[in-house]
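See structure below.
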Amino acid sequence: LLARDYKYLNYRYNERPDINYVTVLAKLNEEIIGFAILHNAVANGSKMTSAVEFFTDPANERYIKTLSNGIAKYGYDNGLEYAVIGTGLYGEYRNALLKNGFMVTRKPPKNNMMIAHILSEKVTIDEITGHEKWHITQGDGETELDL
């Protein structure tokens, strides 16, 4: 089980010498309500950023909108041409992002699949069936950002 806690995120994104990541925080009254970790790249000749991690309350459209606005502002401020957020159909992510200027890409990213293997009797088939129950983050593998 991979816990995306401070220790893991710091190791995965802050301690890597080969890539610089940007962290965007969403706050409400000084409380962090969400975060995104961005990886800037050039894809198809365009400067872009990809949210390799994108987390906030999945049921709160306002939080999702606030976080996605932070990503858009970062992109505008840094002369980027587009931003990509990979997410599943869990919670209100899709609805909030579509209402906030994001659109479904013409073709899905290469090698994008949802597979699961139950490793504990505590997890039922119902819990893993159906992509609408999953929250997907892109992570930052060596995938092609050909959108």
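Numbering of the sequence shown is given in the numbering used here, commencing with residue 123 and proceeding in unit increments.
We treat Cβ as the ideally placed atom computed from N, Cα and C, and that holds for glycine.
This one's a predicted model, so the numbers in the text were calculated from it and none came from an experiment.
Those residues which DSSP pairs with residue i across a bridge
i           : result
residue 164 : 169
residue 129 : The partner list for residue 129 (beta bridge, DSSP) is empty, contrary to what the question assumes.
residue 156 : 148 and 178
Residue i vs residue j beta-carbon contact at 9 angstroms
i           : j           : result
residue 163 : residue 157 : no
residue 206 : residue 181 : no
residue 273 : residue 145 : The structure shown does not extend to residue 273, since the chain is modelled only from 123 through 269, so no value can be given for it.
residue 152 : residue 186 : no
residue 171 : residue 191 : no
residue 143 : residue 161 : yes
residue 208 : residue 177 : no
residue 155 : residue 189 : yes
residue 204 : residue 168 : yes
Backbone secondary structure at residue i - three-state DSSP
i           : result
residue 143 : strand
residue 135 : helix
residue 220 : helix
residue 204 : strand
residue 212 : coil
Check: residue i C-beta below 8 angstroms from any heavy atom of the ligand FAD
i           : result
residue 145 : Of the ligands one can find in the structure shown there are none, so the ligand FAD has no counterpart to examine.
- Taking only runs that begin and end inside the region 168-198, name each unbroken beta strand (DSSP E) of 3 or more residues, in chain order. 168-178
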